[in-house]
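Engineer:
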Amino acid sequence: MRGFFITFEGIDGAGKTTQQHLAAQALREQGYDVLESREPGGTQLAEKVRALVLDLELPLTTATQTLLYLAARSEHVDKLLRPAVEAGKIIICDRFNDSTLVYQGLAQGKTPEEIAQLRRLGSFATGGLEPDLTLVFDADPAKLLARRQQRGVQDRYEQQGLEFQQRLRAGFLQLAAAEPQRFQVIDALGTQQEVTAKVLQAIGRVISGDK
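Residue numbers (UniProt numbering): 1 to 211.
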């Protein structure tokens with residue numbers, strides 16, 4: 001039996017990682033075999049790529065970032081994600097192709113033709129593996145500022161300021177509006193329990209076939 005591939009997306013500080021762990025724990029308690037992963041990451045090579053892209057001392061062009069992410073994603077899908085889906089597991093992954101479309105595409109002001117090219121590259125990297133469900137954790141970036149500041153060191157995207165975070169948010173909402181059958185937008189500003197309940201409700205619908 002094929003498993004389910006679920007991705008969590010959203011701007012920095014929206015609580016994706018926390019909700020990933022809480023959802024995985026709840027699903028395991030229900031008896032499901034759950035794999036948690038992240039991008040870039042999930043395999044030895046992909047984690048090395050993660051270290052590269054997070055190294056602020058390395059100036060990386062948008063094209064370089066994109067190709068590094070896609071290389072890591074290809075490895076991640078081949079070595080971890082596809083085998084897990086085929087083994088019947090529920091995979092919850094923190095970021096996937098949609099992050100590349102937003103961070104390296106829409107938020108950078110790329111043209112529709114360039115976005116289409118990014119989509120083709122993403123499909124090539126994943127061998128066509130698509131999420132069954134994508135949850136976008138959404139909130140006004142200004143209201144998430146305190147969360148980001150609590151984490152201390154900023155990554156290369158957080159350093160680009162609030163206006164860039166606004167563009168990221170708009171990009172994710174644009175993707176969600178264009179593909180409502182796959183995406184669900186979650187209000188990230190609710191209590192932790194409220195957000196987790198919405199996440200589990202959305203995942204439950206997909207697992208039960210009542211999408």
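Where is the CB? At the ideal position from N, CA and C, for every residue including glycine.
Report back the beta-carbon spacing between T17 and F96 to the nearest angstrom; my notes put them in contact at under 8 angstroms.
Structural biologist: To locate residue 17, count along the sequence shown from 1; it is residue 17. To locate residue 96, count along the sequence shown from 1; it is residue 96. Not quite, the Cβ-Cβ distance comes to about 14 angstroms (not below 8 angstroms), so this is no contact.
Engineer: How about V206 and D132: are their beta carbons less than 8 angstroms apart?
Structural biologist: Residue numbering aside, residue 206 sits at position 206 when the sequence shown is read from its first letter. Residue numbering aside, residue 132 sits at position 132 when the sequence shown is read from its first letter. For V206 and D132, yes; Cβs fall inside 8 angstroms.
Engineer: Are E179 and I92 close, meaning C-beta to C-beta below 8 angstroms?
Structural biologist: The count along the sequence shown starts at 1 and reaches residue 179 at position 179. The count along the sequence shown starts at 1 and reaches residue 92 at position 92. No. Outside cutoff.
Engineer: So, are the CB atoms of D138 and G10 less than 8 angstroms apart?
Structural biologist: Along the sequence shown, one-based indexing puts residue 138 at 138. Along the sequence shown, one-based indexing puts residue 10 at 10. Result yes, Cβ atoms of D138 and G10 sit closer than 8 angstroms.
Engineer: Assuming V85 is part of the alpha helix (DSSP H), what are its boundary residues?
Structural biologist: Within the sequence shown, numbered from 1, the residue matching residue 85 stands at position 85. Unbroken alpha helix (DSSP H) run through V85: R82 to E86.
Engineer: I'd like to check one pair, L144 with G13: are the Cβ atoms closer than 8 angstroms?
Structural biologist: For this step, residue 13 is matched to residue 13 along the sequence shown. For this step, residue 144 is matched to residue 144 along the sequence shown. Their beta carbons are under 8 angstroms apart, which means G13 touches L144 by this criterion.
Engineer: Got a sec? Which residues, its chain only, sit under 7 angstroms from V85 by beta carbon, not counting five neighbours each side?
Structural biologist: Position 85 of the sequence shown, counted from the first residue, corresponds to residue 85. Closer than 7 angstroms at the Cβ level, and outside the excluded window around V85, lie R2, G3, F5 and I91.
Engineer: DSSP puts V136 in a beta bridge; with which residues?
Structural biologist: Within the sequence shown, residue 136 is the residue found at index 136, counting from 1. In DSSP, V136 forms a bridge with E9 and V185.
Engineer: Whole-angstrom Cβ separation of L70 and G127, contact assumed at under 8 angstroms?
Structural biologist: Numbered from its first residue, the sequence shown carries residue 70 at position 70. Numbered from its first residue, the sequence shown carries residue 127 at position 127. In fact, because the Cβ distance is near 12 angstroms, the residues do not count as touching under 8 angstroms.
Engineer: Could you give the DSSP three-state label for F172: helix, strand or coil?
Structural biologist: On the sequence shown, residue 172 is found 172 positions in, with the first residue counted as 1. In the structure shown, F172 sits in a helix (DSSP, three-state: H, G or I).
Engineer: What are the start and end residues of each continuous beta strand (DSSP E) run of 3 or more residues lying completely inside the region 22 to 72, in chain order?
Structural biologist: With a minimum length of 3 residues, the continuous beta strand (DSSP E) runs that stay inside the region 22 to 72 are 34 to 38.
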